[in-house]
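Visitor: Sequence order for the protein chains is A and B.
All the letters of the first sequence, read from the start, carry residue numbers 48 to 210 under the working numbering.
All the letters of the second sequence, read from the start, carry residue numbers 2 to 286 under the working numbering.
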Amino acid sequence: MRLGLDAHRRLTLVATCTVAVILAIMPFPAWAEPFRPDWVGLVLIYWCLAMPERTSVGTGWLLGFLQDVLYGSLLGSNALGKTLLAFLTVRLHLQLRMFPRWQQAVSIFGLLIANQLLVLWIRGAIGQAPDTFIYWTPSVVGALLWPWLFVILRDLRRRGGLT
Amino acid sequence: MINVFGRSVGAPSNLTRLILLSALSVALMILDHRGHHLEKIRSGLNLLAYPIQLIASVPAYVGGSIGDFFTTRGTLRQDNEKLLAERQGLNAKVQQFDALEEENARLRRMLGSAAQVADKVLAAELVEVSSEPFTRKIVVAKGSRDGVYVGQSVIDAHGIMGQVTQVASQVSRVTLITDAGHAIPVLDNRSGLRMLVFGTGDPDTLKVPYLTSASDIKEGDLLVSSGMGGTFPPGYPVAQVRRIVNDPNEAFLAITAKPAAQLNHGKQVMLIWRGTPPKSGASAK
Numbered sequence: 048m049r050l051g052l053d054a055h056r057r058l059t060l061v062a063t064c065t066v067a068v069i070l071a072i073m074p075f076p077a078w079a080e081p082f083r084p085d086w087v088g089l090v091l092i093y094w095c096l097a098m099p100e101r102t103s104v105g106t107g108w109l110l111g112f113l114q115d116v117l118y119g120s121l122l123g124s125n126a127l128g129k130t131l132l133a134f135l136t137v138r139l140h141l142q143l144r145m146f147p148r149w150q151q152a153v154s155i156f157g158l159l160i161a162n163q164l165l166v167l168w169i170r171g172a173i174g175q176a177p178d179t180f181i182y183w184t185p186s187v188v189g190a191l192l193w194p195w196l197f198v199i200l201r202d203l204r205r206r207g208g209l210t
Numbered sequence: 002m003i004n005v006f007g008r009s010v011g012a013p014s015n016l017t018r019l020i021l022l023s024a025l026s027v028a029l030m031i032l033d034h035r036g037h038h039l040e041k042i043r044s045g046l047n048l049l050a051y052p053i054q055l056i057a058s059v060p061a062y063v064g065g066s067i068g069d070f071f072t073t074r075g076t077l078r079q080d081n082e083k084l085l086a087e088r089q090g091l092n093a094k095v096q097q098f099d100a101l102e103e104e105n106a107r108l109r110r111m112l113g114s115a116a117q118v119a120d121k122v123l124a125a126e127l128v129e130v131s132s133e134p135f136t137r138k139i140v141v142a143k144g145s146r147d148g149v150y151v152g153q154s155v156i157d158a159h160g161i162m163g164q165v166t167q168v169a170s171q172v173s174r175v176t177l178i179t180d181a182g183h184a185i186p187v188l189d190n191r192s193g194l195r196m197l198v199f200g201t202g203d204p205d206t207l208k209v210p211y212l213t214s215a216s217d218i219k220e221g222d223l224l225v226s227s228g229m230g231g232t233f234p235p236g237y238p239v240a241q242v243r244r245i246v247n248d249p250n251e252a253f254l255a256i257t258a259k260p261a262a263q264l265n266h267g268k269q270v271m272l273i274w275r276g277t278p279p280k281s282g283a284s285a286k
């Protein structure tokens, strides 16, 4: 099964993840910075929903680790958050797939909040927690973007031949 | 990426992998935070991350270049006039500065204390990438091969911006004074009162805790670095006191200040190497 995954399919997965990582560190004007959704988290959730047997906690950990390196944040903090995010998504993927799109978005909001909460605790433990409610806006924006992102990624996946 | 962890017959379950990877993450965090054991690994990883950072900074760079290309002649002329006027003003000040420096050196000789030596400065371009949300960090395109070191001070034309916290060979990361985890020792330029200025995570606000209502501090006071602790050079502007609230129910004053440096503008910063003062005061020239 591992060898059956041809280069073309793998490319789609790696390409979407790379784009998400680049979007995560691409500079925004200062006022727009709090509205940047967690692109990496959203793409990770999508792939965990679409093919939970191929992408799961390992992929989540790698993406989170890469984010830590690029952000210069405490090594392992985002990795832990993304691992949990992937695990929860894979655990719930059968229910999530059944939901209508808006209900899916609400559940995704919950998942993104869980990830942010974990990262907030870690940052609080080392005394670098932001004390503002704006901290949670990326999850709100992420949930609002979900229906569109879902359609885009699904089309990409079908074109890439991933089932 | 997926092959490594792809599930196959006999592979550990998701829960097992979750527990293992969580343990690994926690171990990494402890090593990174407690002992700073990961400096070497970190700079290696940063080297690998450099291409991604470059790609991510391309749109901002191209946008800036296009903007530069279409700058009109009128704007350029205006800029030119403004810069000429500014230069004249600065030249006038420098005339005085020479005399003052001479006088200062003479007075210090009389006191028998070491003369201050000018700091060495290197300009560095910003790499236009964002850091973790709600932290205040920037990436600059100078690294260990240019002699940048952890703890080095970074300034702009208006004051202290922050300090270097991570160094790779070509780039380094600077924590700004507005970061929620940052503090800098300062003194009030008017009264000489010593205090600490903390970042808040807000891009335009600093806070000054632990001062009682008896402290000699006023709104509008300039706070300059005191040089205590040895990380920052003394005498550079850090912030201006914006608001002082005296709530009788609280033990301390609630003081907010505005950073002197323009932390969100500009594409260049300056790295400082401290001028080393001569060992004995007598050798000052």
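Each residue gets a CB set at the ideal place from its N, CA and C atoms; glycine is no exception.
Would you verify that the beta carbon of T179 of chain B is, or is not, closer than 8 Å to some beta carbon of chain A?
Guide: Closer than 8 Å: no.
Visitor: With 16 as the cutoff for other CB atoms within 10 Å, does V63 of chain B come out buried or exposed?
Guide: Exposed.
Visitor: In the DSSP assignment, find the alpha helix (DSSP H) that holds F98 of chain B and state where it starts and stops.
Guide: From DSSP, the alpha helix (DSSP H) with F98 of chain B extends over R74 to L112.
Visitor: With which residues is V128 of chain B paired in a DSSP beta bridge?
Guide: Its beta-bridge partners are B:V140.
Visitor: Compile a chain-ordered list of the residues in the segment 92-120 of chain A whose CB is closer than 7 Å to at least one CB of chain B.
Guide: Flagged, chain order: E100, R101, T102, S103, V104, G105, T106, W108, L109, V116, L117, Y118, G119 and S120.
Visitor: Is there a Cβ from chain A that is less than 8 Å from the Cβ of D33 of chain B?
Guide: So yes, D33 of chain B belongs to the interface.
Visitor: Count the other C-beta atoms from every protein chain shown that fall within 10 angstroms of the C-beta of H38 of chain B, then say buried if there are 16 or more, exposed otherwise.
Guide: Answer is exposed; the Cβ neighbour count stays below 16.
Visitor: What are the start and end residues of the beta strand (DSSP E) that includes A43 of chain A?
Guide: This structure gives no information on residue 43 of chain A, because the portion of chain A shown stretches from 48 to 210.
Visitor: Measure the Cβ-Cβ separation of A126 of chain A and W108 of chain A and say whether it is below 8 Å.
Guide: Contact: yes.
Visitor: Does the separation of the CB atoms of M98 of chain A and P60 of chain B fall below 8 Å?
Guide: In this structure, P60 of chain B does not lie closer than 8 Å to M98 of chain A by Cβ.
Visitor: Residues of chain A with CB under 8 Å from M162 of chain B, in chain order?
Guide: Those within 8 Å of M162 of chain B in chain A number zero; the least Cβ separation is about 15 Å.
Visitor: Is it right to say Q175 of chain A is buried, meaning 16 or more other beta carbons lie within 10 angstroms of its own, or is it exposed?
Guide: Q175 of chain A comes out buried.
Visitor: Please state if the CB of I139 of chain B and the CB of F233 of chain B are separated by a distance shorter than 8 Å.
Guide: In this structure, I139 of chain B does not lie closer than 8 Å to F233 of chain B by Cβ.
Visitor: Contact check, P147 of chain A vs P84 of chain A under 8 Å by CB: the rounded distance?
Guide: At roughly 21 Å, the Cβ-Cβ gap does not stay under 8 Å, so P147 of chain A and P84 of chain A are not in contact.
Visitor: If the cut is a Cβ gap below 7 Å, which residues of chain C does P60 of chain B touch?
Guide: This model lacks chain C altogether, as its protein chains are A and B.
Visitor: Can you list the beta strand (DSSP E) stretches of 3 or more residues lying completely in the segment 220-271 of chain B, in chain order?
Guide: Here the runs fully enclosed are 223-226, 238-246 and 255-260.
Visitor: I'd like to know if I3 of chain B contacts chain A, where contact means its C-beta is closer than 8 Å to some C-beta of that chain.
Guide: At I3 of chain B, the pLDDT of 46 sits below 50, so the modelled position is not reliable and the matter cannot be decided from this model.
Visitor: So the beta strand (DSSP E) D189 of chain B belongs to, where does it begin and stop?
Guide: A184 to D189 is the span of the beta strand (DSSP E), which, as asked, contains D189 of chain B.
Visitor: Contact between the segment 257-273 of chain B and the segment 230-245 of chain B: three or more CB pairs below 8 Å?
Guide: Contact between the segment 257-273 of chain B and the segment 230-245 of chain B is present, because at least three Cβ pairs lie under 8 Å.
Visitor: Judging by CA-CA distance, which residue of A:I199, A:V198 and A:S154 is the nearest neighbour of L141 of chain A?
Guide: When each option's Cα is compared against that of L141 of chain A, the closest is A:S154.
Visitor: Check S173 of chain B in the structure and name its three-state DSSP category.
Guide: Of the three classes helix, strand and coil, the one that applies to S173 of chain B here is strand, per DSSP.
Visitor: So, at 7 Å on beta carbons, what are the nonlocal neighbours of G230 of chain B in its own chain, with the 5 sequence-adjacent residues on each side left out?
Guide: Correct list, in chain order: P186.
Visitor: Can A158 of chain B and A142 of chain B be called in contact, C-beta distance under 8 Å?
Guide: For A158 of chain B and A142 of chain B, no; Cβs fall outside 8 Å.
Visitor: Quick one: which chain B residues come within Cβ less than 7 Å of T63 of chain A?
Guide: Neighbours of T63 of chain A on chain B: none; closest Cβ ~11 Å, over 7 Å.
Visitor: For a test of the three-state rule: what should DSSP assign to T206 of chain B, helix, strand or coil?
Guide: Reduced to three states, the DSSP call for T206 of chain B is coil.
Visitor: Between A100 of chain B and the rest of its own chain, which residues show a CB-CB distance below 7 Å, the 5 nearest in sequence each way excluded?
Guide: Once the five neighbours on either side are set aside, A100 of chain B has no close Cβ partner at all.
Visitor: Between G123 of chain A and T257 of chain B, what straight-line distance do the alpha-carbon atoms span, to the nearest angstrom?
Guide: Each residue's Cα considered, the two are about 33 Å apart.
Visitor: Does any C-beta atom of chain A lie closer than 8 Å to the C-beta of Q269 of chain B?
Guide: No, because no Cβ of chain A sits closer than 8 Å to the Cβ of Q269 of chain B.
Visitor: For V168 of chain B, report the span of its beta strand (DSSP E) as first-last.
Guide: From DSSP, the beta strand (DSSP E) with V168 of chain B extends over I161 to V168.
Visitor: Classify V5 of chain B as helix, strand or coil using the three-state DSSP reduction.
Guide: Only weak support is given to the placement of V5 of chain B: the predicted model assigns it a pLDDT of 47, under 50, and the value that follows is read from those uncertain coordinates. Three-state result, V5 of chain B: helix.
Visitor: Taking a contact to mean a Cβ-Cβ separation below 8 Å, would you say S288 of chain B touches S170 of chain B in this structure?
Guide: Beyond the ends of chain B as shown, which are 2 and 286, falls residue 288 of chain B; an answer cannot be given.
Visitor: Is there a Cβ of chain B sitting closer than 8 Å to that of R144 of chain A, yes or no?
Guide: No, R144 of chain A lies away from the interface with chain B (no Cβ there is under 8 Å from its Cβ).
Visitor: For a contact defined as C-beta to C-beta under 8 Å, what are the partners of T130 of chain A on chain B?
Guide: Those are L19, L22, S23 and S26, listed as they occur along chain B.
Visitor: How is the alpha helix (DSSP H) around L197 of chain B delimited, first residue to last?
Guide: Not the alpha helix (DSSP H): L197 of chain B falls in the beta strand (DSSP E), residues R195 to G200.
Visitor: What is the DSSP secondary structure of S120 of chain A, counted as helix, strand or coil?
Guide: Looking at S120 of chain A - three-state DSSP - the assignment turns out to be coil, as it is neither helix nor strand.
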